[in-house]
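Worksheet: one structure, shown below.
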Amino acid sequence: MTDTVNFGEQLVSPEEKTRRVGSVFTSVARNYDVMNDLMSGGMHRLWKDRFVEKVKPRGGEAILDMAGGTGDIAFRMAARGALVTVSDINADMLAVGMERAKKRGIDGLVWQRENAEQLSFADASFDAYTIAFGIRNVTDIPAALREAHRVLRFGGRFFCLEFSTTEWPGFGELYDKFGDRLIPKIGKVVAKDEDSYRYLVESIRRFPKMPEFERMIGAAGFLQTRVEPILGGLVAIHSGWKI
């Protein structure tokens, strides 16, 4: 890892980024749905439905949902009979997820605090690994991808849903203006936290473009990598296989 990494538009040490990202998600945990609605115009629910359709969770298979603290993806996969372990580096996010699961009467999920860069799970523990809107906040993304590959069984599949860079002419510039000017201000009013929402906007801009991130997934050992752009790549579903 390099001596400095990006925290939004700022250069900080890797340790400082991990600490600051933790603070961001501790701050926004209780407003998670509001955060996603602001970032996506409310469309994140449809994107998550599409994502789970691509994963095709099956009854009885073990799936690790990383950075899945509040349970949005896990709830959808558990409804199809998958045995889901929900992991997140942030205890506050996990607490929100466990509370939501209890209110909805959803049992059988395993909740475990984990760092995506250094998972405690044994090799070949899971049939699938999912991460939705979380990989861009990881300090060492290549390390997290290598860990995803390690904990998957032979024939296991990797799926990632993440904001990216739209290739539709004019749409990217429009979204950038919306993100820069409005999302932090709305975050200040709704969640009383302008800075965290500014970081979240900046983290999207700093995330690798679709072809670069696909190459990173391949470099971690995954084969048959694919990317499905949504809204021209504003959001993308990346996938790969451990074979």
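This note's numbering puts the first residue of the sequence shown at 159, with every later residue one more than the last. Beta carbons are placed, not taken as given, at the ideal position from N, Cα and C, and that holds for glycine. Just so we're clear, the structure is a prediction, and the values are computed from it rather than from any experiment.
D246 in three-state terms, based on DSSP: Within the sequence shown, the letter at position 88 stands for residue 246. For D246, the three-state secondary structure derived from DSSP is strand.
Start-to-end residues for the beta strand (DSSP E) that takes in R271: By 1-based counting over the sequence shown, the position of residue 271 is 113. V268 to R271 is the span of the beta strand (DSSP E), which, as asked, contains R271.
Minimum Cβ-Cβ distance from I401 to chain C less than 7 Å: Of the chains in the structure shown, none is chain C; there is only one protein chain.
At least three beta-carbon pairs within less than 8 Å, the region 307-327 to the region 289-297: Contact annotation: the region 307-327 touches the region 289-297, with at least three C-beta pairs closer than 8 Å.
Nearest-angstrom Cβ-Cβ length linking R234 and K206, presumed shorter than 8 Å: Position 76 of the sequence shown, counted from the start, is the residue given in the question as residue 234. Position 48 of the sequence shown, counted from the start, is the residue given in the question as residue 206. A Cβ-Cβ distance of about 7 Å is found for the pair R234 and K206, placing them in contact under the 8 Å criterion.
Pairwise C-alpha distance: E219 and G180: Taking the sequence shown and counting its residues from 1, one reaches residue 180 at position 22. Taking the sequence shown and counting its residues from 1, one reaches residue 219 at position 61. The straight-line gap from Cα to Cα measures roughly 30 Å.
The region 270-284 contacting the region 298-315, beta-carbon criterion three pairs below 8 Å: Yes, the region 270-284 is in contact with the region 298-315.
Whole-number beta carbon distance between R311 and F284, since they are thought to touch under 8 Å: Taking the first residue of the sequence shown as position 1, residue 284 is located at position 126. Taking the first residue of the sequence shown as position 1, residue 311 is located at position 153. About 7 Å separates the beta carbons of F284 and R311, which is inside the 8 Å limit, making them a contact pair.
Helix, strand or coil at A302 [DSSP, three-state]: Along the sequence shown, one-based indexing puts residue 302 at 144. In the structure shown, A302 sits in a helix (DSSP, three-state: H, G or I).
Length of the line joining the Cα atoms of A286 and R294: Here residue 286 refers to the residue found at position 128 of the sequence shown. Here residue 294 refers to the residue found at position 136 of the sequence shown. Going from the Cα of A286 to the Cα of R294 covers about 19 Å.
Residue range of the unbroken alpha helix (DSSP H) whose run includes D230: Position 72 of the sequence shown, counting from 1, holds the residue named residue 230. Unbroken alpha helix (DSSP H) run through D230: D230 to A236.
Of the listed residues M251, G229 and L340, nearest to V210 (C-alpha basis): Residue 210 sits at position 52 when you count from the first residue of the sequence shown. The shortest C-alpha separation from V210 is found at G229.
Closest Cα partner of M368 within the set L358, E325, K343 and G379: Numbered from 1 along the sequence shown, position 210 holds the residue referred to as residue 368. Among L358, E325, K343 and G379, the Cα nearest to that of M368 is on E325.
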